[in-house]
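Peer 1: Residue numbers (numbering that gives the first Met the number 0), protein chains in the order written: chain A, 0 to 372; chain B, 0 to 426. The structure follows.
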Amino acid sequence: MYFRMITSSLIRRRSRMIVALLAVAIGATILSGLVTIYYDIPRQMGQEFRSYGANLILVPSGDDTVLGYDVAERVKTFIAKDDAVGIAPYRYGTIKVNEQPLMAAGTDINEVKRTSPYWFITGQWPEADKEALIGQEVADLIRLSPGSRFTATGTDGGGNSFSRDFVVSGIVQTGGTEEAFIFMSLSDYGDMMGNSGGIDVVECSISASQTALDDIVSQISENIENVTPRLVKRVTESEGSVLSKLQALVYLVTVVVLLLTMICVATTMMAVVTERRKEIGLKKALGAANKSIVMEFLGEGLLLGAFGGLLGVALGFMFAQTVSMNVFSRPISFQSFLIPATLIISVAITGLACLIPVRNATDVDPAIVLRGE
Amino acid sequence: MFLRMVKGALFRQKGKMLMIAFTIALGASLATAMLNVMLDVGDKVNQELKTYGANITVMPKGASLLDDLYGIEEGSGVSDQYLRESELGNIKTIFWAFNIVDFTPYLNTKARLNSRNDEVELVGTWFSHYLNLPTGESLNTGMINMKSWWDVSGEWLTDQDENFVMVGSLVAGRNNIQVGDSITIDIGGQTKELTVKGIFDAGGDEDEQIYAPLRVAQEFTARPGLISRIEVSALTTPDNELSRRAAQNIKSLSIKEYEIWYCTAYVSSICYQIEEAVTDSVAKAVRQVAESEGAILEKTQLLMLLITILSLVGSALGISNLVTASVMERSREIGLLKAIGAHDGAISGLVLVEILVTAVVGGISGYFAGLGFAQIIGRSVFGAVIDIKPMVIPIVAVLVSLVTLAGSVPSIRLLLKLRPAEVLHGR
Chain A
0 MYFRMITSSL IRRRSRMIVA LLAVAIGATI LSGLVTIYYD IPRQMGQEFR
50 SYGANLILVP SGDDTVLGYD VAERVKTFIA KDDAVGIAPY RYGTIKVNEQ
100 PLMAAGTDIN EVKRTSPYWF ITGQWPEADK EALIGQEVAD LIRLSPGSRF
150 TATGTDGGGN SFSRDFVVSG IVQTGGTEEA FIFMSLSDYG DMMGNSGGID
200 VVECSISASQ TALDDIVSQI SENIENVTPR LVKRVTESEG SVLSKLQALV
250 YLVTVVVLLL TMICVATTMM AVVTERRKEI GLKKALGAAN KSIVMEFLGE
300 GLLLGAFGGL LGVALGFMFA QTVSMNVFSR PISFQSFLIP ATLIISVAIT
350 GLACLIPVRN ATDVDPAIVL RGE
Chain B
0 MFLRMVKGAL FRQKGKMLMI AFTIALGASL ATAMLNVMLD VGDKVNQELK
50 TYGANITVMP KGASLLDDLY GIEEGSGVSD QYLRESELGN IKTIFWAFNI
100 VDFTPYLNTK ARLNSRNDEV ELVGTWFSHY LNLPTGESLN TGMINMKSWW
150 DVSGEWLTDQ DENFVMVGSL VAGRNNIQVG DSITIDIGGQ TKELTVKGIF
200 DAGGDEDEQI YAPLRVAQEF TARPGLISRI EVSALTTPDN ELSRRAAQNI
250 KSLSIKEYEI WYCTAYVSSI CYQIEEAVTD SVAKAVRQVA ESEGAILEKT
300 QLLMLLITIL SLVGSALGIS NLVTASVMER SREIGLLKAI GAHDGAISGL
350 VLVEILVTAV VGGISGYFAG LGFAQIIGRS VFGAVIDIKP MVIPIVAVLV
400 SLVTLAGSVP SIRLLLKLRP AEVLHGR
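Listed below in C-alpha cells is the structure:
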C-alpha cells in the first residue's frame with residue numbers, strides 16, 4: 000500500500016516529478032563527475048609533468064666509474080611497471096669527426112624518446128643501424144644536416160683505432176648541454192668503442208609522488224651495489240609544489256561547485272514539495288497521522304534521490320571520461336566508492352529538502368492549509 | 000496597474016520569490032566564480048611553473064657549450080667571450096618586459112680549492128640584487144628567486160658578503176667542508192681566504208660548484224663588469240606553428256606574421272628581443288622548461304574550461320528547473336486571472352516581469368558573491384588575487400536571462416493552455 004502510494008504519486012504528477020528528478024540527477028552528475036576528476040588529477044597531471052624529463056638518475060658510486068650493463072633491468076624490478084615512463088642508459092666517450100674532438104653518447108633511443116619528450120628534432124630519430132642524432136652545436140660546428148654522412152674516428156677501450164661511417168638522421172635542439180653530443184644506439188656505440196666498459200649514467204623518468212620516489216631511491220641504494228640514485232631536485236621538488244597547487248585548485252572548485260549545486264537541488268525539491276501543502280492538509284483532515292505523512296513524502300524523496308543518484312553516477316562518469324579523453328587523451332579510472340557515496344548524498348539531500356516544507360505543512364492546522372492561507 | 004500587480008506578487012510571495020532569487024544568485028555566483036578563475040588560471044599556473052627555473056639562457060655570441068667539454072681553460076684568455084653587466088637592465092626594457100619575471104647573471108671560472116690539484120668551478124652571481132632600471136623603475140632579482148628547489152644548510156649569501164661563499168654538497172662532501180669553515184681559493188696564482196656561509200644541495204650539476212657574489216668573482220678574476228651567462232625566467236605563451244617556424248628562420252615570415260610573432264610572448268620572440276637588447280648575445284630557449292610549461296598550461300586551461308562548462312550547464316539547468324517548478328505551481332492563480340478575463344499576453348507579461356525582476360536581483364547579488372568565491376579560491380590556492388575580468392559580467396547577464404526565460408516560457412505556455420474552470424476546480 001505504502002509503496003503504491005509513493006509510486007502512483009510520482010507517476011500521477013509526472014511533469015513535476017521529472018523536474019525534481021532532473022534536479023537531483025544534475026546534482027549527482029556534477030558530484031560524481033567532479034569527484035572522479037579530482038581523484039584522477041594527480042595521476043593524469045603527473046603523467047604530463049613527465050615531459051620535464053628524467054627525475055631520477057643513477058650514477059656509479061664508490062671506486063667504480065661505470066655501472067653494469069644490466070643495471071637498467073635490475074632497477075626496473077623496484078619500480079611499478081605502469082610508473083616507469085622511461086629508463087635510458089647512457090655511455091659517453093670522445094670521438095673525432097674531421098679531426099674535431101666531440102662527445103658521443105650511446106643510448107637506448109626508444110627510451111630516450113620517453114625520458115626526454117621535450118627534445119626538438121629536425122629530421123628524424125635514428126631508426127636503423129649506423130644512424131646518429133646530432134646536437135645543434137655539433138651540426139653548426141661541422142656543418143651537417145639531416146641525411147648527410149660523417150666519419151667518426153678514435154680509439155676504443157682496448158687502444159685500437161677505429162673508423163666508422165654514420166648517417167645523420169636528425170638534429171636535436173634542447174637549449175642545454177645535449178646540443179653538444181652525438182647520440183647513437185648502444186649497439187653502434189659498443190661496435191665502435193668496444194664493450195669493455197659499462198654504463199656511465201642511467202636517466203629514469205618515473206611517474207610517482209615524492210614519497211614513492213624516496214622509497215625507490217632507498218630501495219635501489221640498498222639492493223644494488225655500487226649505484227648511487229640521485230633525485231633531480233629541480234624536477235621533483237617543483238613538480239610536487241605545482242601539482243599540489245593544481246590539486247588544491249580542483250579541490251576548492253569541486254567544493255564550491257558541489258555546495259552551490261546541492262543548495263540548488265534542495266531549493267528545487269523544496270519548491271516542488273511546498274506546492275503540495277494542500278494535499279498534506281487534505282490528508283491530515285482525512286485523519287492521517289503526521290508521522291505517516293512525513294514517511295510518505297520521505298519515501299518519495301528517497302525514491303527520487305536514488306533514481307537521480309543512479310542516473311548521476313552514470314552521467315558523471317561519462318562526463319569525467321569525456322574530460323579526460325579531451326584533456327589528457329587517456330581514459331579515467333572509475334572510483335567504485337562513488338556509487339554508494341553519490342547515492343547516499345543525493346538521497347540525503349532530497350530527503351532533507353523534502354522534510355523541511357513537509358514539516359512546515361504538517362505543523363499547521365489543516366483547516367488553514369486547505370483554505371489556502 | 001501592471002506595476003502594482005507585479006509589486007504585489009513580489010511582496011506577497013516574499014518567501015517564494017526570495018528562494019528563486021537565492022537559487023539564481025547561487026547559479027550566477029557559480030558562473031562568475033568559475034569564469035573568473037578559468038580566465039585567470041593560465042597566468043596563475045604560469046607563475047607557479049616558474050619554480051622550474053629559467054626558461055631562457057643568454058650567452059655571448061661565439062661562446063659554446065663545447066668549451067666546457069674539452070676543459071679549455073677559460074683563464075687562458077684565448078677564446079673567452081663575455082657579456083656586459085651594465086647591459087643587464089636592458090632585458091627589462093624589451094617589448095615583453097613585463098613578462099620577464101627574474102634574471103640572474105653568472106660568471107664562471109675554474110679555480111683550485113685548498114691548493115689541491117683538481118679544479119672546481121667558481122661561479123659569481125647575484126643572490127638578491129636591487130637594480131635600478133634605465134626606465135627609472137627598480138627591481139629586485141637574483142638567484143634566490145630562481146632556485147627554489149635548492150636545499151641550503153647554513154644561509155644564503157647576500158650580495159654584500161665579500162668574504163663568504165656557498166659550496167655545493169658534492170664539493171663539500173669530498174673535501175669535508177662544514178658551514179663556518181674557511182677555505183682557500185686559488186685562481187691563476189691569486190689566492191683568497193673565504194668563509195663558507197652555506198652548503199646547498201641542488202640535485203644537479205651545481206653541486207660541483209662554489210658560488211660567490213658577482214662582484215667578488217669579477218675582482219678576483221680581473222674581469223670587472225663582465226659576465227659569462229644570463230639565466231632568464233619569463234612568462235611565455237605556448238609555442239604554435241608560427242613560433243616554431245620563426246625559431247627556425249625568421250626571414251621565412253611575412254611582414255604581418257612577423258608582427259604577430261613579435262607581439263606575442265612566444266619564447267622565441269622573447270629570445271629574439273633579448274638578443275636585440277644585449278650586444279653580441281645569443282638567447283636560447285631551455286626546451287625542457289619552455290616546452291613542458293606550454294603542455295601543462297594547455298592541459299590545465301582545458302581542464303578548467305571543461306569543469307566551467309559543466310558547472311555552467313549544471314547551474315543553468317538548476318535555475319531553469321526551479322523557475323519551471325515555481326511557475327507551474329501558480330496554475331490556480333493564472334486560472335483565476337483568465338476566469339476574470341485577462342488576456343494571454345497580459346498574463347505572460349506579468350509572470351515574465353516578475354521572474355525577470357527576481358532574476359536581476361539574484362543575478363546582481365550572485366555576481367558579487369561569485370567574485371568573493373573567486374577570491375577565496377585565488378587566495379587559498381595561489382596566494383594571489385584573481386584578476387576580475389569585466390567580460391564576465393555580460394556573459395553572466397546573458398546566461399541568467401536566457402536561463403530564466405528558457406525555464407519560464409515553456410511552463411507559461413503550458414499554463415495558458417489550461418482551461419480556467421478545470422484549474423480552479425483543482426484538477
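Glycine included, C-beta positions come from ideal geometry on N, C-alpha and C.
Residues in its own chain within less than 8 Å of F333 (chain A) by CB, not counting five upstream and five downstream?
Peer 2: Indexing the first sequence from 1 puts residue 333 (chain A) at position 334. So the qualifying residues of the chain are T35 and F316.
Peer 1: Inspect the beta-carbon positions of V369 (chain A) and L281 (chain A) and report whether they are closer than 8 Å.
Peer 2: In the first sequence, counting from the first residue as 1, residue 369 (chain A) sits at position 370. In the first sequence, counting from the first residue as 1, residue 281 (chain A) sits at position 282. As written in the sequence, residue 369 (chain A) is Leu, which differs from the Val given in the question. Yes, Cβ-Cβ distance for L369 (chain A) and L281 (chain A) is below 8 Å.
Peer 1: Which residues, taken in chain order from the segment 20-54 of chain B, show a beta carbon closer than 8 Å to some beta carbon of chain A?
Peer 2: Correct list: F21, T22, L25, G26, S28, L29, A32, M33, V36, V40, V44, E47, L48, T50, Y51 and G52.
Peer 1: Counting only Cβ pairs nearer than 7 Å, list the residues of chain A close to N320 (chain B).
Peer 2: To locate residue 320 (chain B), count along the second sequence from 1; it is residue 321. Chain A residues near N320 (chain B): V18, L21, A22 and T267.
Peer 1: Go through its chain and collect everything with a Cβ distance to I78 (chain A)'s Cβ below 7 Å, but skip five positions before and after it.
Peer 2: Position 79 of the first sequence, counted from the first residue, corresponds to residue 78 (chain A). Cβ neighbours of I78 (chain A) beyond the five flanking positions: I205 and I215.
Peer 1: Check this for me: beta carbons of S127 (chain B) and T157 (chain B), under 8 Å apart or not?
Peer 2: Position 128 of the second sequence, counting from 1, holds the residue named residue 127 (chain B). Position 158 of the second sequence, counting from 1, holds the residue named residue 157 (chain B). The answer is yes: Cβ separation under 8 Å.
Peer 1: Going by C-alpha to C-alpha distance, which of B:T31, B:S325 and B:L2 sits closest to A488 (chain B)?
Peer 2: Here chain B covers residues 0 to 426 and nothing more, so residue 488 (chain B) does not appear.
Peer 1: Please say whether N54 (chain B) and V288 (chain B) have beta carbons closer to each other than 8 Å?
Peer 2: Position 289 of the second sequence holds residue 288 (chain B). Position 55 of the second sequence holds residue 54 (chain B). Yes, the pair counts as a contact, with Cβ atoms nearer than the cut-off.
Peer 1: Quick one, which residues of the segment 272-298 of chain B are near chain A if we go by CB-CB under 8 Å, in chain order?
Peer 2: Within the segment 272-298 of chain B, the residues whose Cβ lies closer than 8 Å to some Cβ of chain A are K283, A284, V285, R286, Q287, V288, A289, E290, S291, A294, I295 and K298, listed in chain order.
Peer 1: So, is the C-beta of A427 (chain B) closer than 8 Å to a C-beta in chain A?
Peer 2: Nothing can be reported for residue 427 (chain B), as the shown portion of chain B is limited to 0 through 426.
Peer 1: In three-state terms, what does DSSP make of P264 (chain B)?
Peer 2: Position 265 of the second sequence, counted from the start, is the residue given in the question as residue 264 (chain B). One point to set straight first is that residue 264 (chain B) is Ala, not Pro, in the sequence displayed. DSSP places A264 (chain B) in coil when its eight states are reduced to three.
Peer 1: Taking I209 (chain B) as the reference, which of B:S267, B:I254, B:G123 and B:G7 has the closest Cα?
Peer 2: Within the second sequence, the letter at position 210 stands for residue 209 (chain B). Among B:S267, B:I254, B:G123 and B:G7, the Cα nearest to that of I209 (chain B) is on B:G123.
Peer 1: Does the beta-carbon of S240 (chain A), which I'm using as the reference point, lie nearer than 7 Å to any heavy atom of the ligand ZN?
Peer 2: The ligand ZN is absent from the structure shown, which contains no ligand whatsoever.
Peer 1: If you reduce the DSSP assignment to three classes, tell me which class V363 (chain A) lands in.
Peer 2: Counted from its first residue, the first sequence places residue 363 (chain A) at position 364. DSSP places V363 (chain A) in coil when its eight states are reduced to three.
Peer 1: Counting pairs of beta carbons, one from the segment 338-350 of chain B and one from the segment 370-377 of chain B, are three or more of them closer than 8 Å?
Peer 2: In short, these stretches do not touch, since the Cβ pair count stays below three.
Peer 1: Looking at W155 (chain B): is its Cβ nearer than 8 Å to the Cβ of G197 (chain B)?
Peer 2: As a first step, residue 155 (chain B) is located in the second sequence; it is residue number 156 there, counting from the start. As a first step, residue 197 (chain B) is located in the second sequence; it is residue number 198 there, counting from the start. For W155 (chain B) and G197 (chain B), yes; Cβs fall inside 8 Å.
Peer 1: Here's the rule I'm using: 16 or more other beta-carbon atoms within 10 Å means buried, otherwise exposed. How should L65 (chain B) be labelled?
Peer 2: Against the second sequence, residue 65 (chain B) aligns to sequence position 66. Only weak support is given to the placement of L65 (chain B): the predicted model assigns it a pLDDT of 49, under 50, and the question is left unresolved by the model.
Peer 1: Using three-state DSSP, classify A201 (chain B) as helix, strand or coil.
Peer 2: Within the second sequence, the letter at position 202 stands for residue 201 (chain B). Here A201 (chain B) sits in coil by DSSP.
Peer 1: Please confirm if the segment 182-201 of chain A is in contact with the segment 59-71 of chain A, defined as three or more CB-CB distances below 8 Å between the two stretches.
Peer 2: The segment 182-201 of chain A is in contact with the segment 59-71 of chain A.
Peer 1: So for E72 (chain B), helix, strand or coil by DSSP?
Peer 2: What you label residue 72 (chain B) is simply residue 73 of the second sequence in a count that begins at 1. With a pLDDT of only 45 at E72 (chain B), under the threshold of 50, the placement of this residue in the model should not be trusted; the figure read from the coordinates follows. It is coil, neither helix nor strand.
Peer 1: I'd like the ranges of any beta strand (DSSP E) spanning at least 3 consecutive residues and lying wholly in the segment 199-237 of chain A.
Peer 2: Segments of the beta strand (DSSP E) lying fully in the segment 199-237 of chain A: 200-205 and 226-230.
Peer 1: Of all the residues that make up the segment 193-212 of chain B, which are near chain A by a beta-carbon distance shorter than 8 Å?
Peer 2: The segment 193-212 of chain B vs chain A, Cβ under 8 Å: D200, A201, G202 and G203.
Peer 1: Just verifying my parser: in three-state terms, what is the DSSP assignment at I25 (chain A)?
Peer 2: As a position in the first sequence, residue 25 (chain A) is number 26, starting the count at 1. In this structure, I25 (chain A) counts as helix in the three-state DSSP scheme.
Peer 1: What are the boundary residues of the alpha helix (DSSP H) that M165 (chain B) is part of?
Peer 2: Within the second sequence, the letter at position 166 stands for residue 165 (chain B). First-last for M165 (chain B): F163 to G167, but that is the beta strand (DSSP E), not the alpha helix (DSSP H).
Peer 1: DSSP state of D67 (chain B), grouped into three classes?
Peer 2: By 1-based counting over the second sequence, the position of residue 67 (chain B) is 68. Caution is warranted here: a pLDDT of 49 is assigned to D67 (chain B), below 50, making its placement in the model unreliable, and the coordinate value is therefore given only provisionally. Helix, per DSSP.
Peer 1: Taking the beta carbon of I254 (chain B) as the centre, do at least 16 other beta carbons fall within 10 Å, making it buried, or is it exposed?
Peer 2: Here residue 254 (chain B) refers to the residue found at position 255 of the second sequence. By the 10 Å Cβ count, I254 (chain B) comes out exposed.
Peer 1: For S310 (chain B) versus Y117 (chain A), is the C-beta spacing smaller than 8 Å?
Peer 2: Your numbering for residue 310 (chain B) matches position 311 in the second sequence. Your numbering for residue 117 (chain A) matches position 118 in the first sequence. No, the Cβ-Cβ distance between S310 (chain B) and Y117 (chain A) is not below 8 Å.
Peer 1: Please report how far the alpha carbon of V363 (chain A) lies from the alpha carbon of G371 (chain B), in whole angstroms.
Peer 2: The sequence position of residue 363 (chain A) within the first sequence is 364, counting from 1. The sequence position of residue 371 (chain B) within the second sequence is 372, counting from 1. Each residue's alpha carbon lies about 39 Å from the other.
Peer 1: Taking C-beta to C-beta, are S345 (chain A) and A27 (chain A) nearer than 8 Å?
Peer 2: Against the first sequence, residue 345 (chain A) aligns to sequence position 346. Against the first sequence, residue 27 (chain A) aligns to sequence position 28. It is a contact, given that the beta carbons lie within the stated cut-off.
Peer 1: Give the range of the alpha helix (DSSP H) segment to which A24 (chain B) is assigned.
Peer 2: Here residue 24 (chain B) is taken as the residue at index 25 of the second sequence, counted from 1. It spans K13 to L48 - the alpha helix (DSSP H) in which A24 (chain B) sits, taken as one unbroken run.
Peer 1: Determine whether the beta carbon atoms of G153 (chain A) and F161 (chain A) lie at a separation below 8 Å.
Peer 2: Numbered from its first residue, the first sequence carries residue 153 (chain A) at position 154. Numbered from its first residue, the first sequence carries residue 161 (chain A) at position 162. Yes; because the gap between Cβ atoms is below 8 Å, this pair is in contact.
Peer 1: Using three-state DSSP, classify L2 (chain B) as helix, strand or coil.
Peer 2: Mapped onto the second sequence, residue 2 (chain B) falls at position 3. Three-state DSSP puts L2 (chain B) in a helix.
Peer 1: By the 10 Å Cβ neighbour count, where 16 or more other Cβ atoms means buried, how is C263 (chain A) classified, buried or exposed?
Peer 2: Here the question's residue 263 (chain A) lines up with position 264 in the first sequence. When all chains shown are included, C263 (chain A) counts as buried.
Peer 1: Report the residues of the segment 245-256 of chain A with a CB closer than 8 Å to any CB of chain B, ordered along the chain.
Peer 2: Per Cβ criterion, the list reads L245, A247, L248, V249, L251, V252, V255 and V256.
Peer 1: May I ask which residues mark the beginning and end of the beta strand (DSSP E) holding K283 (chain A)?
Peer 2: Position 284 of the first sequence, counted from the start, is the residue given in the question as residue 283 (chain A). It is not in any beta strand (DSSP E) - K283 (chain A) instead sits in the alpha helix (DSSP H) that spans R276 to A284.
Peer 1: Identify the continuous alpha helix (DSSP H) that holds L301 (chain A) and give its terminal residues.
Peer 2: Taking the first sequence and counting its residues from 1, the one referred to as residue 301 (chain A) is at position 302. First-last of the alpha helix (DSSP H) with L301 (chain A): N289 to F327.
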